[in-house]
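Numbering (my numbering), first residue to last: 366 to 537.
Heads up, the thing below is written out as structure tokens.
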Amino acid sequence: MQNPITKELVFNGTQVNYFIVCPVKLWYFSHFLQMEKTSDLVSLGKLLHETSYERIKKDVLIDQRIAIDFIKKGEKLILHEIKKSKKMETAHYYQILYYIYFLKTKGIPDVEGEIDYPLLRGVRRVELTPDLELELLDMLEKIKEIIMQEKPPVHEKKRYCRKCSYFEFCWC
């Protein structure tokens, strides 16, 4: 059986995030089983997104697959992602790193990022260094390998599985 994804693989930030969180979730999401609409946690995150930074234009769509929460211009372009907690901070970090890398590949230099945690009143700055770019490129290759598999990877139990919108696919 040929894999249904035949065009050049194009990634989005959610896939990078899901690679860090769970390769099984990444596979399902990439194969158009998008369960986020059924998740109360995702709904809470969307509500936070809508009610935070109300004076700023949000949801900047780039190239029809990259959706950045908001962008501020100064000496550099600063991409912002709004998150409700730091529980998945590593996934958030690499997601915004991917956005910075993506813009770099489109010829937009001097871009940085910030992860905004409005409920915690915290911010984490993100810069794409040469070492992080190499790490990200390796990660994108691994994402491609997972997506191209005919079946999802073997799932492993993690502490946050019960709250995942894909829980039933793995554990029921």
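No residue lacks a Cβ here, since even glycine has one placed at the ideal position from N, Cα and C.
Problem set entry | 4 or more residues per run - each alpha helix (DSSP H) lying fully within the stretch 430-495 | 454-470
Exercise. Which residues mark the beginning and the end of the beta strand (DSSP E) in which Ile385 is found?
Worked result: Premise fails: Ile385 lies in the alpha helix (DSSP H), Gly378 to Val386, not in any beta strand (DSSP E).
Problem set entry | Simplified DSSP assignment, three categories, for Leu398 | coil
Exercise. If you count every other CB in all the chains shown that lies within 10 Å of the CB of Thr379, and 16 or more means buried, which is it?
Worked result: buried
For this session: Starting from the C-beta of Asp434, find all residues in its chain whose C-beta is less than 6 Å away, skip the five residues before and the five after it, and write them out in chain order.
Result: Lys423, His445, Glu446 and Ile447
For this session: For the beta strand (DSSP E) holding Ile421, just list the boundary residues, first then last.
Result: Element bounds for Ile421: n/a, residue is neither H nor E.
For this session: Give me the Cα-Cα distance between Leu497 and Lys449, rounded to the nearest whole angstrom.
Result: About 24 Å.
Problem set entry | Residue environment, Tyr383, which counts as buried when at least 16 other CB atoms sit within 10 Å | Burial check for Tyr383: the Cβ neighbour count within 10 Å reaches 16 or more, so the residue is buried.
Problem set entry | For Phe376 and Ala432, the rounded distance between their alpha carbons | 12 Å
Problem set entry | Bridge partners - Leu497, DSSP secondary structure assignment | Answer is none; Leu497 lacks a bridge partner.
Exercise. Would Ser530 count as contacting chain D if we go by Cβ distances under 7 Å?
Worked result: This model lacks chain D altogether, as it is built from one protein chain only.
For this session: For Tyr525, count neighbouring Cβ atoms within 10 angstroms of its own Cβ and tell me buried if that reaches 16, exposed if not.
Result: Flag for Tyr525 reads exposed.
Problem set entry | 6 Å Cβ shell around Asp475 - same chain, five flanking residues per side excluded | Lys441
Exercise. Exposed or buried, what is Leu398 when buried is set at 16 or more other beta-carbons lying within 10 Å of its beta-carbon?
Worked result: Around the beta carbon of Leu398, a 10 Å sphere encloses fewer than 16 other beta carbons of the protein chains shown; the residue is thus reported as exposed.
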